[in-house]
Amino acid sequence: MKKKLFKKLIYITFICFVIIFVSTNSVFAELNPENMHDNTIMDRISGIISTILGIGMGALGAPLISLAFMLLMVIFSIMYFLFSPVSGGGAFPFPDQIIFNKLAFFDPNFLNPPAVDESPVHILQGVISNMYYSFYLVAAAIFLIAIMVISIKLAISTIASDKAQYKKALTNWAFGLLLLFILPFLMAGIFKLNETIVNGAYKAMGSADVKFTISLASIIGAGAGAVTGGVGTSIVKAVTGVLDFFTGGAASEVGPDIPGYGGMILKYMVDAAGGDLVGLIISGILLGQTAALIFQYTKRLFYCIVLGMIAPLIIAADIIKQGV
Amino acid sequence: MNKGNFPLFSNWLKQFVSTVFLQSFHAVFLMFTMIMLSQIQGKSGSMKIDGVLAVVAIACAMALIKFEKMIKKLFGIEDSPVGNTAGAGAKMFMGAKSAIDLGKTATSGFKKSRDANKNLKDIQDKRRSKQDSYDRLFNPEEYNKRNPNKKVPTAASARAESIYNSATSGGTQGGGGVGQTAGQGGGEYGTPGSRSDFNRMLEQERRKEELDDLEGQEIKARKAKRAAGIDKYLNAAGTLASVSVGLGAADELSESLTISNLINKPLDVITDKYSNGVAGREIYNESKEKYIKENDALIASGKAPKFVDDDGNRNEVERASKVLEKSITSSIKDGLKDYGSTVVKNSPIKMTVDQVTKFQINHEVKGNKKDLEKIRELQKRQGGNVENI
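If you're matching them up, the sequences are chains A and B in order.
For the first sequence, counting from 1, position 63 maps to 77 in the working numbering; every step adds exactly one.
For the second sequence, counting from 1, position 277 maps to 399 in the working numbering; every step adds exactly one.
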């Protein structure tokens with residue numbers, strides 16, 4: 015009976031807070047500075063109420079969030095230990111680092127590999143070149159056989175249509191041979207164009223510095239939570255809430271700024287460590303997306319290597335398919 | 123080059139170009155996103171918009187993952203429609219199944235906890251009633267202390283009654299009919315030294331064994347309850363973490379749920395082992411503490427021999443206890459079988475002969491014949507009864 019009453023009380027308090035918060039804040043459609051307003055006294059009061067609710071939620075939900083965060087940390091640690099040795103400097107493979115070629119591991123350019131030990135194409139360079147050379151020789155042999163067959167058939171055929179067909183085959187053979195010779199340059203050109211576009215995008219983005227602040231309050235809260243459990247986190251949240259009330263929210267904004275995706279992931283992980291449910295969910299989603307991108311780029315790396323190695327055989331297969 | 127003359131090379135070129143240029147598309151898209159985010163951040167002034175930035179960044183990352191399919195379509199590399207339909211159906215089925223599995227895992231801890239609570243309560247009720255019935259017969263003072271409203275005759279009250287009866291009836295019955303069973307409080311087992319007395323001892327042993335079994339069951343049930351209590355939180359937390367990661371790892375809901383379920387399965391196994399291990403160790407430590415207290419009481423009352431007077435002897439017996447301790451540790455997984463068999467670690471060894479015997483029988487400690495010899499030797503020196511070792 016008492017539990018039900020307590021639950022009802024929590025729901026009513028929450029609904030009242032939402033109503034007060036929404037009704038006392040104007041919502042603007044544009045993000046122009048002139049349409050924004052500074053923190054009003056109602057903002058501060060709603061901040062206090064949300065801090066109290068957060069503390070209350072923290073006391074009830076802190077064990078759940080802490081346990082979920084520990085499991086996220088297991089996933090984060092696995093990704094870090096798998097990829098930090100190959101990311102040159104022990105860095106975590108954040109999405110922007112993967113996409114902008116800052117990690118040699120994911121570079122598929124086996125024709126001009128980065129000269130670093132972490133790069134698989136650098137490690138496999140010998141194997142790839144040997145395989146490519148072997149397939150090249152096989153393709154060359156096929157071309158040789160093909161030209162012999164076409165020449166013999168052209169020489170012995172008497173029907174005009176057949177002769178025309180074999181002449182066409184000869185033309186295709188010559189074009190195929192040209193393709194076989196220019197294939198490495200074609201692939202190198204494609205890689206170079208890709209790198210140029212990526213580097214250009216990175217330079218163009220250079221001025222766009224998106225920074226995320228990892229507040230000291232969150233770091234301290236996370237540490238307190240690790241040592242004393244939910245009580246420590248709640249105390250830190252309470253103190254931060256009070257300071258925010260008097261400083262207009264500045265207290266929870268003090269801390270190191272880290273740019274890019276890395277900053278965002280770390281910020282929300284620290285928030286999750288401090289018992290923030292939203293931080294936990296966002297950091298989980300970001301870690302999942304990072305894992306998906308890592309998987310996608312690792313797949314891409316090996317696709318490029320395999321496609322590049324079998325290229326001579328593809329041209330040779332086309333020649334055979336033309337009815338040699 | 124006519125596509126018709128070199129179809130394989132044409133396909134190969136499309137695959138290669140789409141694979142390589144995927145990174146370019148990603149880079150350009152990410153560049154636009156970062157510029158947009160920096161503009162938003164720049165114009166926000168003092169407003170906290172980290173949440174907005176996070177949502178935009180998550181949406182951008184989801185789009186990046188979807189780009190691969192888009193680029194393949196752009197280059198004309200399409201999957202077969204039949205494969206797509208079958209694949210979509212299978213994905214939806216897997217997604218639905220994964221959602222059900224995730225729900226079951228998240229709530230399984232609560233069901234386990236409820237069942238464990240009920241089981242523990244049943245065992246405790248059973249044990250209480252058996253204890254009452256044992257005490258009523260063999261330990262009436264204790265029974266009367268616990269149940270002041272349902273007192274049974276004790277030795278003192280029976281003797282008083284016998285004296286009163288002798289006094290009032292002229293002592294014709296000689297106190298034999300009632301007083302003989304005064305110590306037992308129930309009048310069921312006859313005079314000391316008689317066959318009834320022997321039957322009484324057997325019955326007492328039998329009931330004591332039953333109580334010991336129930337105590338062991340209660341310990342197991344408490345361990346299961348503790349483990350279920352920890353599991354409740356761990357399962358829910360594991361599901362929350364895996365769903366968050368799954369939502370990020372795939373762009374479609376069904377795929378996300380499938381990935382979440384795949385991540386959740388090993389997490390479930392790990393959390394189960396953890397909760398059982400934690401609960402098992404807690405129960406073991408509690409049993410140890412209780413054992414120390416009870417044994418101290420036995421030694422104080424002179425009912426158990428001591429091994430601790432001689433420092434040299436203590437080392438040997440401590441070594442013996444460490445061997446026995448190892449056997450206990452290995453059985454935590456199966457739950458403690460017999461409370462009376464726990465061993466004190468890193469403290470003076472105070473084991474009664476009965477407990478050593480029972481422990482050895484229940485745990486089949488291997489290679490400790492030398493240790494048992496030493497224990498017998500010590501028992502002899504302490505003047506204890508070595509017949510049962």
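We treat Cβ as the ideally placed atom computed from N, Cα and C, and that holds for glycine.
> Could you check where the alpha helix (DSSP H) with A/P326 kicks off and where it finishes?
Replying inline: L291 to K335 is the span of the alpha helix (DSSP H), which, as asked, contains A/P326.
> For the alpha helix (DSSP H) that contains A/F199, what are its first and last residues?
Replying inline: Unbroken alpha helix (DSSP H) run through A/F199: A174 to M219.
>> Please report the straight-line C-alpha distance between A/L315 and B/E404, rounded to a whole angstrom.
In response: Cα-Cα distance, rounded: 50 Å.
> So B/K272 is in the beta strand (DSSP E); what residue range does that whole segment cover?
Replying inline: From DSSP, B/K272 is part of no beta strand (DSSP E); its letter is neither H nor E.
> How big is the Cα-Cα spacing for A/G276 and A/G298?
Replying inline: Those two C-alpha atoms are separated by around 14 Å.
>> By the three-class DSSP mapping on this structure, what secondary structure does A/F226 have?
In response: Here A/F226 sits in strand by DSSP.
> Do A/I211 and B/A149 have their CB atoms nearer than 8 Å?
Replying inline: Yes, the pair counts as a contact, with Cβ atoms nearer than the cut-off.
>> Tell me the residue span of the beta strand (DSSP E) that contains A/D271.
In response: Counting along the chain, the beta strand (DSSP E) containing A/D271 begins and ends at D271 to P273.
> Would you report the Cα separation of A/V135 and B/F197, rounded to the nearest angstrom?
Replying inline: Note on geometry: alpha-carbon atoms of A/V135 and B/F197 lie some 26 Å from one another.
> Just curious, the alpha helix (DSSP H) that A/A155 is in, first and last residue?
Replying inline: Note, A/A155: alpha helix (DSSP H), Q139 to I170.
> From B/V300 to B/V274, what distance separates their C-alpha atoms?
Replying inline: Unreliable positioning characterises B/V300 in this predicted model, as indicated by a pLDDT of 38, which lies under 50. The coordinate reading is nonetheless provided below. Spanning the alpha carbons of B/V300 and B/V274 requires a straight line of approximately 14 Å.
> For B/G370, which three-state DSSP category applies?
Replying inline: Three-state DSSP puts B/G370 in a helix.
> Are the region 134-146 of chain B and the region 180-189 of chain A in contact at 8 Å, needing three or more beta carbon pairs?
Replying inline: The answer is no - the region 180-189 of chain A does not touch the region 134-146 of chain B, with fewer than three Cβ pairs under 8 Å.
>> For A/V224, count the other beta carbons within 10 Å of its own beta carbon; 16 or more makes it buried, fewer makes it exposed. Which is it?
In response: Looking at its Cβ environment, which holds 16 or more other Cβ atoms inside 10 Å, A/V224 is buried.
> Can you tell me whether DSSP reads A/G287 as helix, strand or coil?
Replying inline: Contrary to the premise, residue 287 of chain A reads as Ala rather than Gly in this sequence. In the displayed model, A/A287 falls within a helix according to three-state DSSP.
> Mapping DSSP to helix, strand and coil, what is B/D433?
Replying inline: Note that B/D433 scores 47 on pLDDT, short of 50, meaning its location in the model is unreliable; the coordinates nonetheless yield the value given after this. Residue state, collapsed to three classes: helix.
>> Quick check on A/K116: does DSSP put it in helix, strand or coil?
In response: Assigned with DSSP and collapsed to three states, A/K116 falls in coil, not helix or strand.
>> Quick check: the region 318-337 of chain A against the region 147-163 of chain A, are at least 3 beta-carbon pairs closer than 8 Å?
In response: Counting Cβ pairs under 8 Å, three or more are found: they touch.
>> Does the CB of A/Y146 have a neighbour CB from chain B at under 8 Å?
In response: A/Y146 is outside the set of residues whose beta carbon lies under 8 Å from a beta carbon in chain B.
>> Which residue wins for smallest C-alpha separation from A/I142, given the options A/I156, A/T227, A/P127 and A/A154?
In response: The candidate whose alpha carbon is nearest that of A/I142 is A/P127.
> Do the region 226-240 of chain B and the region 346-357 of chain B make contact, defined as three or more Cβ pairs closer than 8 Å?
Replying inline: Cβ pair count under 8 Å is three or more, so yes.
> Which residues in the same chain have their Cβ closer than 7 Å to the Cβ of A/Y317, if we skip the five residues on either side of it in sequence?
Replying inline: Taken in chain order, the list of residues that qualify is empty.
>> Contact criterion: CB-CB distance below 8 Å. Does B/T227 meet it with respect to chain A?
In response: Residue-level contact check: B/T227 does not touch chain A, since none of the beta carbons of chain A fall below 8 Å from its beta carbon.
> I think B/S364 touches B/S382, with their Cβ atoms under 8 Å apart; what is that distance to the nearest whole Å?
Replying inline: Right, the Cβ-Cβ distance comes to about 5 Å (below 8 Å), so this counts as a contact.
> Under a CB-based cut-off of 8 Å, is A/N49 close to chain B?
Replying inline: Summary for A/N49: the model assigns pLDDT 48, below 50, so the residue's position carries little reliability; its value from the coordinates is reported in the next sentence. It does not: the Cβ of A/N49 has no partner Cβ on chain B nearer than 8 Å.
> Looking at the structure shown, is B/I180 part of a helix, part of a strand, or coil, going by DSSP?
Replying inline: In the three-state DSSP reduction, B/I180 falls in the helix class (H, G or I).
> If you count every other CB in all the chains shown that lies within 10 Å of the CB of B/A212, and 16 or more means buried, which is it?
Replying inline: With fewer than 16 Cβ atoms within 10 Å of its Cβ, B/A212 is classed as exposed.
> Quick one: Cα of B/S376 to Cα of B/M216, how far?
Replying inline: Spanning the alpha carbons of B/S376 and B/M216 requires a straight line of approximately 7 Å.
>> I'd like the list of long-range same chain contacts for A/I334, defined as Cβ closer than 8 Å, with 5 residues on each side in sequence excluded.
In response: Cβ within range, chain order: I156 and A160.
>> Taking beta-carbon pairs under 7 Å, can you tell me which members of the region 141-153 of chain B lie near chain A?
In response: The region 141-153 of chain B vs chain A, Cβ under 7 Å: T141, V142, F143, L144, Q145, S146, H148, A149, V150, L152 and M153.
> With a Cβ-Cβ cutoff of 8 Å, do B/L135 and B/I193 count as a contact?
Replying inline: It is not a contact, given that the beta carbons lie outside the stated cut-off.
> Closest Cβ-Cβ distance between B/Y396 and chain A: below 8 Å?
Replying inline: No - not a single Cβ of chain A is within 8 Å of the one on B/Y396.
> What is the DSSP secondary structure of B/N133, reduced to helix, strand or coil?
Replying inline: Per DSSP, reduced to three states, the secondary structure at B/N133 is helical.
>> Suppose the cutoff is 6 Å on Cβ atoms and the five residues either side in sequence are ignored; what does the same chain contact list for A/A325 look like?
In response: The residues are L197.
> Excluding five sequence neighbours on each side, which residues of the same chain lie with their C-beta closer than 8 Å to the C-beta of A/L379?
Replying inline: Past the edges of chain A, shown from 15 to 338, lies residue 379 of chain A, and the structure says nothing about it.
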